[in-house]
Structure formats: C-alpha cells, structure tokens
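Protein chains in written order, with our numbering: chain X, 12 to 313; chain G, 414 to 649.
Below is one structure; the comments refer to it alone.
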C-alpha cells in the first residue's frame with residue numbers, strides 16, 4: 012500500500028490550513044485569551060527577573076573588577092611613617108602600583124573634579140584633606156587582605172574600599188539568582204499546566220472534528236499541526252504583550268527607581284535589550300508549542 | 414478483500430463482544446451484518462477500521478494485517494476504507510462541499526484532486542445542487558448522503574456502514590440503500606450493519622447473523638430472520 016501523504020504544498024492546501032487555524036483561533040477566542048494572558052504573565056515575571064539579574068550581574072562584575080583602594084593618612088602621621096607604608100605596599104607582591112597624592116595635590120584634583128563650582132581658595136583657610144595613597148592591587152580578590160594590612164600600619168587613618176559593598180552585592184545577587192530561578196521554574200510549570208489545560212478545552216471542543224479526521228485517515232502529525240500552530244500564536248501574542256508591559260515599566264518606573272538608588276550605578280550596567288526581547292518571545296513560543304503538543308497528544312493516544 | 418480468522422474481542426470491562434469469529438468477504442460483495450443491539454455488529458466493524466484491536470485472532474483488510482499494524486500505519490489503512498454512521502458525524506459549521514472536501518484535505522490531498530473528486534462524489538449521491546448548504550439545513554437523508562459522499566470521496570475499496578438508516582424514515586432509507594447499491598455496483602465492497610428488517614428482506618443479499626458475539630448463520634441471499642428463504646425454522 013503506498014503512502015498517499017505528500018509534502019508537496021499547493022496554494023489550496025496552505026489556504027485550507029491557515030483557514031483552519033484562523034477559524035479555530037477565533038472560535039475559541041475566550042480560551043485563547045486565557046492562554047495568551049497566562050503566557051503574558053509568565054513572561055512578564057521571567058522578563059523582570061532576567062532584566063534584574065542582568066543589571067545586578069553587570070553591576071557586580073563591574074565592582075568586582077575594581078582593584079583600587081585608597082589609604083588616607085591621619086593628620087598627625089609623619090613623613091617617615093607615610094614613606095614606610097608606601098614602601099611596604101610598593102614591595103608587596105600583591106600590589107601592582109601605588110600613587111602618593113599629597114594633600115595639596117588632592118585639593119587641586121578636587122577643584123578640578125568640581126570644575127570650579129567650588130572656589131576652594133575662598134572657602135577654605137587651610138587644606139582639610141589628608142595625604143592619600145592610591146593602591147592598585149593585582150587581583151580584586153586581594154583587596155580586602157591588603158586593606159586590612161594597611162589599616163594596622165602606623166600613621167594610617169582610614170582605608171576605603173568597596174569590597175564590603177561588593178561582598179553584600181554578591182550575596183544579594185546570588186540569593187536573587189537562586190530564588191529567581193526557583194520562582195521562574197515554578198511559574199513556567201504553572202503556565203504550561205494552565206495553557207495545556209486551556210488548549211485541552213479547545214481540543215475537547217473539537218473532539219468531533221478530530222475523530223472525523225482520524226476516521227478518514229489524517230495522520231497524527233496533520234491533526235496536531237493546527238493546534239500547535241495555535242499554541243505558537245498564543246505564545247507569541249502573549250510574550251509580545253508581556254514585552255509591551257515590561258517596556259512600559261522600563262520607561263515609567265525604572266528611572267524613579269534609579270533616582271532613589273543613586274549610589275548604585277545601575278544605569279551603566281549593560282543590558283542587551285534586543286537579546287532579552289528575543290529570549291522572552293522564544294520562551295513564550297516554546298511554552299505555547301509545548302503545552303499544545305502535550306494536550307493534543309493526550310487526546311490522540313486515546 | 415476482508416478476512417477474519419478466529420477473532421475474539423473482550424473489552425476491558427470483561428464484556429466479550431466477539432467470540433471466535435471467522436468471516437471471508439470477497440471483493441465487490443454486498444453484505445448485511447444483522448443481529449440485536451449489543452451482539453457485536455459495531456464491534457466487528459470497529460475492528461476492520463482498527464478503532465479496536467482484537468484480543469486474539471487475525472484480521473486482514475485489503476492485504477493489511479489490521480490486528481498487528483503499527484499505530485502510525487492506521488491512517489494509511491483508513492484511506493482505503495469509507496465509514497458511515499447512524500449519526501452522520503458531519504461538521505455542522507462546514508458546508509456540504511467542505512465536509513466532503515475535508516476528508517481529502519486532512520490527508521494532504523492535492524487541491525487539483527480535491528476539485529475533481531468532490532463534485533464527482535456529490536454528483537453520485539445527488540447533492541451537487543446543495544453543496545453550499547450546511548448540514549443543519551438538510552434533511553436526515555441528505556445528511557447521510559453527505560456522509561456517504563465523504564466516505565467514498567477517496568475512492569475506497571471498502572465501505573463500512575454502521576446502522577446507516579437508523580435515524581431515517583422509510584423513504585429516505587430506500588434512497589440510501591439504493592445509493593449504497595450503486596456504489597457497490599461500481600466495485601466497492603460494502604458491509605452494512607443493520608437491524609432494519611425491511612431493508613434486508615427487500616435487498617436479498619448476503620446476510621451474516623451475529624448472536625452473542627458469534628456468527629450463527631451466513632446466507633448467500635438471506636432474510637433478516639434466519640432461514641425464511643429456505644423455509645428453515647429457527648430453533649434454540
């Protein structure tokens with residue numbers, strides 16, 4: 012017996028197929044709306060999570076790669092003490108370079124950085140800045156140890172470095188990542204279940220059609236195709252809606268958030284927006300296709 | 414064309430629908446399956462288009478071993494069979510033309526073939542002039558003719574009918590039976606499961622009688638009730 016199924020397409024076949032998809036899609040508009048809404052909600056969550064993760068991840072990396080810290084000498088430190096500290100750090104194998112900034116030069120730098128908006132000469136009768144030693148470590152991981160060592164040296168006032176902030180950020184990002192991945196996994200599963208149930212309803216509504224298709228010898232692949240196509244459309248529409256919601260949030264709420272957190276340079280963190288959008292739409296499509304594939308499959312096996 | 418050898422079918426709930434049934438049907442036969450409701454007529458037909466798999470025994474339909482074909486081969490089998498039911502099984506939101514074309518389109522037929530064969534099938538059943546109407550606008554007889562057009566549009570070698578006139582009045586019944594006969598004359602093997610005595614007695618065709626899942630008689634030119642033609646008396 013020869014297999015009469017053929018892959019050759021003609022315009023009539025395409026028209027019939029698209030007609031079936033469109034007809035089913037519009038006939039079950041309510042159920043489709045549910046499916047689209049579920050996809051959209053899931054993708055909004057996924058998108059927010061991915062965006063925050065990328066932002067914090069970028070920020071963390073930026074801070075983590077900083078190897079510089081500053082030693083401020085106390086006012087009563089002697090030149091000998093300052094030289095000793097400088098010599099000890101310069102010869103330390105973990106240190107790449109040091110730069111001594113005397114208080115006079117420090118004031119000049121400050122004046123330059125403020126670009127003349129503060130008249131240091133008029134404002135100050137004497138220079139309030141301490142002498143400073145800028146230290147570049149070779150490895151960001153050694154900054155903490157170097158800073159701690161420097162802190163105990165005679166003549167050293169304060170040591171400033173961002174390691175503590177970094178450590179907290181790392182912990183935060185890590186926790187975020189774990190919680191986020193867990194949440195996203197749960198949401199994806201829930202979305203898949205809801206969507207596959209929704210599609211199962213549309214499959215159930217069309218069981219008569221399916222049984223007739225089976226009766227006249229349509230292959231499972233052929234029966235499945237329109238449903239999977241619908242799932243794909245629902246997934247794409249849902250993720251597009253989600254992207255719009257996320258874009259609106261990005262435009263309206265995000266600047267306010269940044270303004271309230273000025274110490275975090277979140278704006279500078281690199282986020283690849285086209286990639287993110289592509290990922291979200293891909294995720295939505297996968298959910299739609301998977302859910303419809305599963306729910307039709309259950310019906311075909313019977 | 415069709416052969417059953419020692420076929421038994423026991424449903425999961427323990428009901429024995431068919432018990433050691435053997436039957437041979439030649440190409441071009443016209444055969445009535447008769448018997449009370451629940452004697453296994455529908456079960457036997459379902460085995461032939463593999464809606465059901467036998468518990469034991471062998472079934473071949475047009476050279477295909479239906480009892481052991483793979484699931485993926487079932488669509489290929491069904492394209493060689495037409496099936497007609499008591500309740501027509503038409504899609505109410507498609508026109509007559511679309512219902513008939515559907516059977517070809519879902520098997521991936523070329524549009525050219527669809528355009529050629531659908532009018533031919535509708536002509537044969539006498540519904541060419543109603544091809545744009547919906548099933549709800551047709552009489553029961555016309556709906557069944559639509560279903561028959563759908564069943565034969567792929568030019569099957571075998572047409573299986575499960576109580577095709579069960580929902581029809583006598584004049585529509587006569588019409589449908591004449592149509593089935595016309596299809597049979599063109600070379601299609603036709604099997605009709607029915608408990609319509611008038612139809613069977615008027616047509617005088619091969620009659621296979623089922624009782625409690627067993628074939629009890631098989632007459633060449635039979636009547637609905639056993640042995641009326643030969644003057645035999647049913648006993649037991």
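Every residue gets a Cβ at the ideal spot worked out from N, C-alpha and C, and that includes glycine.
Where residue i falls: helix, strand or coil (DSSP)
i             : result
residue 659/G : Lying before the first or after the last residue shown, residue 659/G is absent from chain G, which here runs from 414 to 649.
residue 637/G : coil
residue 227/X : coil
residue 572/G : strand
residue 36/X  : helix
residue 185/X : helix
residue 501/G : coil
residue 432/G : strand
residue 578/G : coil
residue 608/G : coil
residue 208/X : helix
residue 622/G : strand
residue 243/X : helix
residue 551/G : coil
residue 602/G : strand
residue 523/G : coil
residue 283/X : coil
residue 528/G : helix
residue 646/G : With a pLDDT of 45 at residue 646/G, under the threshold of 50, the predicted position of this residue should be treated as unreliable, and no value is reported.
residue 42/X  : helix
Cβ-based burial, residue i [other Cβ within 10 Å; buried from 16]
i             : result
residue 43/X  : buried
residue 90/X  : exposed
residue 17/X  : Caution applies to residue 17/X, whose pLDDT of 49 falls short of 50 and renders its modelled position unreliable; the value that the coordinates give is listed next. Residue 17/X should be labelled exposed.
residue 142/X : buried
residue 517/G : buried
residue 200/X : exposed
residue 514/G : buried
residue 557/G : buried
residue 493/G : buried
residue 86/X  : exposed
residue 404/G : In the structure as shown, chain G starts at 414 and stops at 649, and residue 404/G therefore has no counterpart that could be examined.
residue 646/G : Because residue 646/G sits at a pLDDT of 45, beneath the cut-off of 50, its placement in the model cannot be relied upon, and the following sentence gives the value as read from the coordinates. It is exposed - the Cβ of residue 646/G has fewer than 16 other Cβ atoms within 10 Å.
residue 214/X : buried
Cross-strand partners of residue i (DSSP beta bridge)
i             : result
residue 146/X : 80/X and 109/X
residue 159/X : According to DSSP, which records beta bridges pairwise, residue 159/X is partnered with nothing at all.
residue 493/G : In DSSP, residue 493/G forms no bridge with anything.
residue 421/G : 469/G
residue 407/G : Residue 407/G cannot be examined here, being either before or after the span of chain G that is shown, 414 to 649.
residue 632/G : 620/G
residue 213/X : Its beta-bridge partners do not exist; DSSP assigns none.
residue 443/G : 603/G
residue 170/X : 82/X
residue 478/G : 473/G
Listed by chain order, chain X residues near residue i by CB distance under 9 angstroms
i             : result
residue 524/G : 21, 22, 23, 24, 26 and 27
residue 502/G : 219, 222, 223 and 226
Amino acids of chain X, ordered along the chain, whose beta-carbon sits closer than 7 angstroms to that of residue i
i             : result
residue 655/G : The requested residue 655/G is not part of the displayed model; chain G covers only 414 to 649.
residue 606/G : Those within 7 angstroms of residue 606/G in chain X number zero; the least Cβ separation is about 16 angstroms.
residue 516/G : 227
Proximity test, Cβ basis, 8 angstroms: residue i and chain B
i             : result
residue 496/G : Any reference to chain B falls outside this structure, whose protein chains are X and G.
heavy atom of the ligand MN below 7 angstroms from residue i C-beta
i             : result
residue 590/G : What this structure holds is no ligand at all, so the ligand MN is not there to describe.
What residues from the stretch 219-234 of chain X come within 9 angstroms of chain G, judged by C-beta to C-beta, listed N to C?
-> 219, 220, 222, 223, 224, 225, 226, 227, 228, 229, 230, 231, 233 and 234
Chain G contacts from the stretch 21-55 of chain X (Cβ-Cβ distance under 9 angstroms) | 21, 22, 23, 24, 26, 27, 28, 31, 34 and 38
Using a Cβ-Cβ cut-off of less than 7 angstroms, list which residues of the stretch 528-561 of chain G approach chain X; keep chain order.
-> none
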